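If you're matching them up, the sequences are chains A, B and C in order.
Numbering-wise, the numbering used here puts 93 at position 108 of the first sequence, and it's gapless, one number per residue.
When you read off a place in the second sequence, starting at 1, and then add 78, the result is the number in the numbering used here.
When you read off a place in the third sequence, starting at 1, and then add 1239, the result is the number in the numbering used here.
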Amino acid sequence: MASQLIARAGRAFGPVREARGVPRWIVWAGIVLTLLFVVMALTAPWISPYAFDQYKDASGQRFVKQQAPSSAHPFGTNVQSTDVMSRVIWGARTELKVVLFAVVVSLLVGLPLGLLSGYFGGPVDRVLVLIMDALFAFPYLLLAIVIAFLLSDKFGSGVATAAFAISAVYIPQYFRVVRNHVVSLREESYVEAARALGARPRTVIGRYVFQNVVQSVPVIATLNAADAILTLAALGFLGYGIQPTDAAEWGYDSSRALSDAGAGIWWTGLFPGMAIVLLVTGLTLLGEGLNDVLNPVLRRRKMEPVTLPPRAPQEDRA
Amino acid sequence: MSANGPVLDVRDLRVWYGSTRGAVRAVDGVSIQIRAGEVLGLVGESGCGKSTLGRGVMGLLPDGSAVDGQVLFQDTDLLKVSDRQLRRMRGPDIALIFQEPMTRLNPLMRIEDHFSETITAHEPKLSKAEVRRRSLEALGGMGIPPTRFRNYPHEFSGGMRQRIMIALALVLRPKLVIADEPTTALDVLVEAQILSILADLKRNFDTALLLITHNLGIVAEACDRVAVMYAGRIAEEGDARTVFSQPAHPYTRELLRSVISLNTTGLHYIPGAPPSLIDPPAACKFHPRCPDAMRVCAQLAPVEQRLSAGQRVECWLHGPGDRIPEGGREPLEQERIAVAEEA
Amino acid sequence: MADAGALLEVEDLQVHFPLRGSFGARLVGKDVGAVQAVDGISFSVARGEVLGIVGESGSGKTTLGRALLRLVDPTGGSIRLEGEDVLGLREREVRAMRRKVQMVFQDPHASLNPAMTIETAVGHPLRIHGVTRDRADIRNRVSAVLERVGLSPPDQYLGKYPSDLSGGQKQRAVLARAVILSPSLLVADEPVSMLDMSVRAKILELMLGLKNDLDLTYVYITHDLATAKFFCDRVAIMYLGRIVEIGATEEIFANPRHPYTQSLLRAIPDPDPSRSIPRDLPRGEVPDAAEPPLGCRFHPRCPKAFAPCGWEARDLHDMLEQRWAVGGQELFEAERLQLGDLAGLDQPGSRATVPSATGTGDDVATLLDRIREDDSRERIWHGIESITPRPGGAVIEFHPGHDPVLRPVGGAEVACHLYDPELAEVPEQAPPA
Chain A
-14 MASQLIARAG
-4 RAFGPVREAR
6 GVPRWIVWAG
16 IVLTLLFVVM
26 ALTAPWISPY
36 AFDQYKDASG
46 QRFVKQQAPS
56 SAHPFGTNVQ
66 STDVMSRVIW
76 GARTELKVVL
86 FAVVVSLLVG
96 LPLGLLSGYF
106 GGPVDRVLVL
116 IMDALFAFPY
126 LLLAIVIAFL
136 LSDKFGSGVA
146 TAAFAISAVY
156 IPQYFRVVRN
166 HVVSLREESY
176 VEAARALGAR
186 PRTVIGRYVF
196 QNVVQSVPVI
206 ATLNAADAIL
216 TLAALGFLGY
226 GIQPTDAAEW
236 GYDSSRALSD
246 AGAGIWWTGL
256 FPGMAIVLLV
266 TGLTLLGEGL
276 NDVLNPVLRR
286 RKMEPVTLPP
296 RAPQEDRA
Chain B
79 MSANGPVLDV
89 RDLRVWYGST
99 RGAVRAVDGV
109 SIQIRAGEVL
119 GLVGESGCGK
129 STLGRGVMGL
139 LPDGSAVDGQ
149 VLFQDTDLLK
159 VSDRQLRRMR
169 GPDIALIFQE
179 PMTRLNPLMR
189 IEDHFSETIT
199 AHEPKLSKAE
209 VRRRSLEALG
219 GMGIPPTRFR
229 NYPHEFSGGM
239 RQRIMIALAL
249 VLRPKLVIAD
259 EPTTALDVLV
269 EAQILSILAD
279 LKRNFDTALL
289 LITHNLGIVA
299 EACDRVAVMY
309 AGRIAEEGDA
319 RTVFSQPAHP
329 YTRELLRSVI
339 SLNTTGLHYI
349 PGAPPSLIDP
359 PAACKFHPRC
369 PDAMRVCAQL
379 APVEQRLSAG
389 QRVECWLHGP
399 GDRIPEGGRE
409 PLEQERIAVA
419 EEA
Chain C
1240 MADAGALLEV
1250 EDLQVHFPLR
1260 GSFGARLVGK
1270 DVGAVQAVDG
1280 ISFSVARGEV
1290 LGIVGESGSG
1300 KTTLGRALLR
1310 LVDPTGGSIR
1320 LEGEDVLGLR
1330 EREVRAMRRK
1340 VQMVFQDPHA
1350 SLNPAMTIET
1360 AVGHPLRIHG
1370 VTRDRADIRN
1380 RVSAVLERVG
1390 LSPPDQYLGK
1400 YPSDLSGGQK
1410 QRAVLARAVI
1420 LSPSLLVADE
1430 PVSMLDMSVR
1440 AKILELMLGL
1450 KNDLDLTYVY
1460 ITHDLATAKF
1470 FCDRVAIMYL
1480 GRIVEIGATE
1490 EIFANPRHPY
1500 TQSLLRAIPD
1510 PDPSRSIPRD
1520 LPRGEVPDAA
1530 EPPLGCRFHP
1540 RCPKAFAPCG
1550 WEARDLHDML
1560 EQRWAVGGQE
1570 LFEAERLQLG
1580 DLAGLDQPGS
1590 RATVPSATGT
1600 GDDVATLLDR
1610 IREDDSRERI
1620 WHGIESITPR
1630 PGGAVIEFHP
1640 GHDPVLRPVG
1650 GAEVACHLYD
1660 PELAEVPEQA
1670 PPA
């Protein structure tokens, strides 16, 4: 079984390894950038000089606020006297946690709904499509704010609330992509063949439809993750996101840095901002690269140059 | 141009593609000729290079393919003329008919507009009435009623669309028509209608027609001459009746036997599949599948021979005897081909 | 018809697909009609027999095959498999029934799940029907059946994905999957038409071998008369949702009686070099199954149609268009100017008014007479009873049409008025031997 899984994983990543030219560079740049932040998030407790909400050193001495980068504080300190570098590193953990959570939740809801809606069709499908399209048409940030506001009573303004708010924004996207894919797959011979074998709808959906739909998930999940980072940052920037005492969050830090910028204090805004840009770029490159590499329509057969060898001696031709 | 010369004279054409695994020798030294009013059928299993040959003649090969040899259309080498000039020749000189007509018709354009666009592109001075007269004549010849001249492509059935495509290809009276599987997607009755239209064409307008198909029945009924292609080369070429009644190449013979027709009483097939065009077998490319293979077939490439019956063939069975080395006529010991080795 | 030993009995089977009308039509609940894909079909298949269902695209043959497995739900009639009423089964029971009936599809490239290995795909029926869940057992059974269909040695194919196989190999795997549960009936929908010609014979040979080894019964659906002739014991010729002729293969091919069968046989291109392209073939194409022709559905294209075949207004319109297509621009423009709006002729009906552009029906009647003189061999004139000039246009009365039913003729059953003794005022020639 294990060997089978490895073989299957190898098969799935085959195209990435075989990719050539520009898509290859895009996908690898994405992988490297994204991995950088993942490593940062995983090792935050060890590589971060201080805790994300730490404003005094071990001896109880409060950090000087808005201090320029120095050896003690490589990225300087902010208006709340916390260490900017620590907040950037811990922020990676928050961002990835929220985004992972949000992507999983929206997948868990959007994927099954899309599968069922697309496979069975009928009135349920029409109603679901209507609801999802209505949600989709709603300004996404406003939707996230409303959900975050409603949930903050129950869960407080922590990671969970932010994640759920963002999920609500992306569920319709997964639903739509999955449903439309299923609708086209339903007409495939092999899906009908599965029914003809006597398979139950559950089996047909699980083994024949899902297995093929799931291939498009990595691409949209990665691209949505990039988008979700921006949404989370926007929520934080507007003050509806994670509170600074719960976790470090780049959006919030950027908003606090807004007034610093006029005073020539560049480090409080630059580093969290750059983190956002780099992580979003990394995920986008990864998603677009995967799309180029995995999508058979975009994957053009590359023509290798060919030269004709000289002909065999003409005396052979009678 | 000499009066009796061939309309199309392909000389030793090679078309190779590059792939990550090596060069694909889709067309590897092919010579064919078609005269005015003649239909040449090009047959073979899929993957033998027959479509590439058709595209090579029309200059419709993808970038990056390597071509050499000569494609002489009325003494002009199509491989040497500019893209612009080639485009200008498509329509009045050479026309193409494809398998799937819907993809070639613009769904947003009326049939009338398709025709006026084609005609005025090559004869801009024609009056509107004359353009209309010519279009209706071409359509009428295909059995499309004039009342439907202003309809859109999707309002026609598959067979009608194919007839419209043919009418469009022929409205400028080209001297050479290349039809690539023109009836494959159609039902037998419609197929027969289209074949009889193509037969009228050569009779009435002296058009030269290259008919690419995998259906040997169509070739027997519609073609004057036939060229049998295998792994990028012409295995046998000659008068259709002669080739079908006395096939000289074992491949032709086996291919004919494997066709299931109304007279079939027993099943027959050629073992194995057409070879990869990247590294085809050495010497005669058919030798691993050939029931008559001799030792020489695996050693030396066969030499083209012209037989007394008129066809030319590339097969050691027909000599030349002086080129066959000592013991070359002994039967070849072939590797066994598994049942499921197939296309 | 009903035969105690029959494996499959189909009675008056009907599959109509309701047309989805426009939004407005659906809003007011307007009936927009239905595509009559299969419209009253009866036949039976004996155990061990191969029945061919032959037809062009649009004949409803594929829908018929799918209805046999209840992949589409018939709107009428009955299907009995081994005496059991298939249409009365509930969803669960239908799935269990599919253990006995399997299907092979046309496109081998599309009928295997691209994400499943051959081992999983071919062994899946065993899991679905709970035959065994033991991995080793499944592998053994899959290997055995792969060996049987020629995918040998099986170890070489077990772990492969469909994309690694050629078309013929895929169809072998599909056949393996279909027979692994030893069904009694196999519905094969054009199993070889997408394959290269050199592979077709091999797959047909394999199917014949499987039939003998496993006591299979086949319903072989095809558009290809040549393979049907070789492969089938009996053949049913379908046209536009109905069977027009059914009987033993030798009988049908030796003495085709229905004009449609006759045309099909003459139209097949044959590699015999002594044949040439037949000229007098049916014109036009298979009409729309949502509004099939009245009477005999083949009559508009039939080279032997006569009075009772169901002539109607739409035929008249087609005839005029055909005349104008061949007649040239001058003829078209001259005649078209004399007639009013012809849209009224597009409704089915055995009475029609051809409107006049000048206002008097006499002009139209004269024109029609002239057309008749030009080509009196045109079949439609057999079906026109009277042309009466009226103010505004000419009223055309058509001969009342009848639906032909299958009746025994010689060794076969044929649905054609030519063989109906009651309509045999027939001035027509006897069918060619």
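Beta carbons are placed, not taken as given, at the ideal position from N, Cα and C, and that holds for glycine.
Only a predicted model underlies this, so the values are computations on that prediction, with no experimental measurement involved.
Same chain only: Cβ atoms within 8 Å of Ile272/B, ignoring 5 sequence neighbours per side: Position 194 of the second sequence, counting from 1, holds the residue named residue 272/B. Taken in chain order, the residues that qualify are Gly237, Gln240, Arg241, Ile244, Pro260, Thr261 and Leu264.
Closest by C-alpha distance to Ile1610/C, when choosing among Asp1454/C, His1556/C and Met1446/C: As a first step, residue 1610/C is located in the third sequence; it is residue number 371 there, counting from the start. Selected option, being the one with the closest Cα: His1556/C.
Identity of the residues DSSP links to Leu91/B by a beta bridge: Mapped onto the second sequence, residue 91/B falls at position 13. BP columns for Leu91/B point to Val108/B.
Contact set for Leu1397/C: own chain, Cβ-Cβ below 8 Å, skip 5 residues either direction: In the third sequence, the residue the question calls residue 1397/C occupies position 158. Answer for Leu1397/C: Thr1356, Ile1357, Glu1358, Arg1378, Val1381, Ser1382 and Leu1385, listed in chain order.
Any C-beta of chain F under 7 Å from that of Tyr193/A: Within the model displayed, chain F is absent; protein chains A, B and C are what it includes.
Limits of the unbroken beta strand (DSSP E) element including Pro1257/C: As a first step, residue 1257/C is located in the third sequence; it is residue number 18 there, counting from the start. Unbroken beta strand (DSSP E) run through Pro1257/C: Ala1245 to Pro1257.
For Lys41/A: DSSP bridge partner residues: On the first sequence, position 56 is the one that residue 41/A refers to. Per DSSP, Arg47/A.
Paired residues, beta bridge with Glu1636/C - DSSP: For this step, residue 1636/C is matched to residue 397 along the third sequence. Note: Glu1636/C sits in a beta bridge opposite Arg1590/C and Ser1625/C.
Spatial neighbours of Arg213/A in its chain, beta-carbon cut-off 6 Å, leaving aside the 5 residues before and after: Within the first sequence, the letter at position 228 stands for residue 213/A. According to the sequence as given, residue 213/A is Ala; it is not Arg. Result list for Ala213/A: Val84, Ala87 and Ile151, in chain order.
Rounded separation between His1621/C and Gly218/B - CA only: Here residue 1621/C corresponds to residue number 382 of the third sequence, with the count starting at 1. Here residue 218/B corresponds to residue number 140 of the second sequence, with the count starting at 1. One C-alpha to the other measures close to 26 Å.
Closer than 7 Å to chain C by CB, Glu408/B: Along the second sequence, one-based indexing puts residue 408/B at 330. Glu408/B does not count as touching chain C.
Rounded C-alpha distance that separates Arg1618/C from Leu1559/C: Reading the third sequence from its first residue, position 379 is the one you call residue 1618/C. Reading the third sequence from its first residue, position 320 is the one you call residue 1559/C. Taking the straight line joining both Cα atoms gives about 13 Å.
Per-residue burial, Gly1678/C [other beta carbons within 10 Å of its own, 16 or more giving buried]: Limits of chain C in this structure are 1240 at one end and 1672 at the other, which puts residue 1678/C out of reach.
Cβ contact (3+ pairs, closer than 8 Å) linking the stretch 314 to 325 of chain B and the stretch 124 to 143 of chain B: no
Cβ distance (whole Å) where Gly119/B is taken to contact Val297/B below 8 Å: What you label residue 119/B is simply residue 41 of the second sequence in a count that begins at 1. What you label residue 297/B is simply residue 219 of the second sequence in a count that begins at 1. Confirmed, Cβ separation roughly 4 Å.
Residue-chain proximity (Glu1524/C, chain B), Cβ-Cβ < 7 Å: Working through the third sequence from its first residue, we reach residue 1524/C at position 285. Yes, contact with chain B.
Exposure of Val73/A, with buried meaning 16 or more beta-carbon neighbours within 10 Å: For the purposes of this step, residue 73/A is taken as the residue at position 88 of the first sequence. That one is buried.
Own chain, CB closer than 8 Å to Met307/B, minus 5 neighbours either side, in chain order: As a working note, residue 307/B is residue 229 in the second sequence. Cβ within range, chain order: Val108, Leu120, Val121, Gly122, Cys126, Gly127, Lys128, Leu131 and Ala313.
Sequence ranges, alpha helix (DSSP H) only - wholly within the stretch 1486 to 1533 of chain C, length at least 4: 1488 to 1493 and 1498 to 1506
Any C-beta of chain C under 7 Å from that of Ala247/B: Your numbering for residue 247/B matches position 169 in the second sequence. No, Ala247/B lies away from the interface with chain C (no Cβ there is under 7 Å from its Cβ).
4-residue-minimum alpha helix (DSSP H) runs that sit fully inside the stretch 78 to 133 of chain A, ordered along the chain: 107 to 122
Own chain, CB closer than 8 Å to Gly142/B, minus 5 neighbours either side, in chain order: One-based indexing of the second sequence puts residue 142/B at position 64. Here the set comprises Tyr95 and Gly96.
Closer than 8 Å at the beta carbon, the chain A residues around Gln1341/C: Position 102 of the third sequence, counted from the first residue, corresponds to residue 1341/C. Correct list: Ala181 and Leu182.
Neighbourhood of Trp75/A by C-beta distance below 8 Å, restricted to the same chain and skipping five residues each side: In the first sequence, counting from the first residue as 1, residue 75/A sits at position 90. Around Trp75/A: Ala29, Ser33, Ala36, Phe37, Ala232 and Ala233.
Beta-bridge pairing of Asp1278/C - partner residues as DSSP gives them: On the third sequence, residue 1278/C is found 39 positions in, with the first residue counted as 1. Looking at the DSSP assignment, Asp1278/C forms a beta bridge with Gln1253/C.
Below-7 Å beta-carbon distance, Leu81/A vs any chain B residue: Taking the first sequence and counting its residues from 1, one reaches residue 81/A at position 96. No, Leu81/A lies away from the interface with chain B (no Cβ there is under 7 Å from its Cβ).
Proximity test, Cβ basis, 7 Å: Glu172/A and chain C: If you number the first sequence from 1, residue 172/A lands on position 187. False, the Cβ-Cβ gap to chain C never drops below 7 Å.
For Ser1296/C, the three-state DSSP class (helix, strand or coil): Here residue 1296/C corresponds to residue number 57 of the third sequence, with the count starting at 1. If DSSP states are grouped into helix, strand and coil, Ser1296/C belongs with coil.
Neighbourhood of Arg103/B by C-beta distance below 6 Å, restricted to the same chain and skipping five residues each side: Here residue 103/B refers to the residue found at position 25 of the second sequence. Excluding positions up to five away in sequence, the list reads Trp94, Gly310 and Leu355.
Nearest-angstrom Cβ-Cβ length linking Gly350/B and Arg367/B, presumed shorter than 8 Å: Your numbering for residue 350/B matches position 272 in the second sequence. Your numbering for residue 367/B matches position 289 in the second sequence. At roughly 4 Å, the Cβ-Cβ gap stays under 8 Å, so Gly350/B and Arg367/B are in contact.
Which residues DSSP lists as bridging Asp155/B, in chain order: Within the second sequence, numbered from 1, the residue matching residue 155/B stands at position 77. Paired residue(s): Leu150/B.
Gly15/A beta carbon less than 7 Å from that of Gly267/A: On the first sequence, residue 267/A is found 282 positions in, with the first residue counted as 1. On the first sequence, residue 15/A is found 30 positions in, with the first residue counted as 1. Cβ atoms of Gly267/A and Gly15/A: closer than 7 Å.
Chain B within 7 Å of Leu98/A, Cβ atoms only: Counted from its first residue, the first sequence places residue 98/A at position 113. So no, Leu98/A is outside the interface.
Residue environment, Phe134/A, which counts as buried when at least 16 other CB atoms sit within 10 Å: Translated into the one-based positions of the first sequence, residue 134/A becomes position 149. Per the 10 Å Cβ criterion, exposed.
Chain B contact for Pro8/A (CB, 7 Å cutoff): Within the first sequence, numbered from 1, the residue matching residue 8/A stands at position 23. Judged by the 7 Å Cβ criterion, Pro8/A is not in contact with chain B.
Closest residue to Asn229/B among Gln177/B, Val105/B and Arg188/B (Cα-Cα distance): Along the second sequence, one-based indexing puts residue 229/B at 151. Answer by Cα proximity: Arg188/B.
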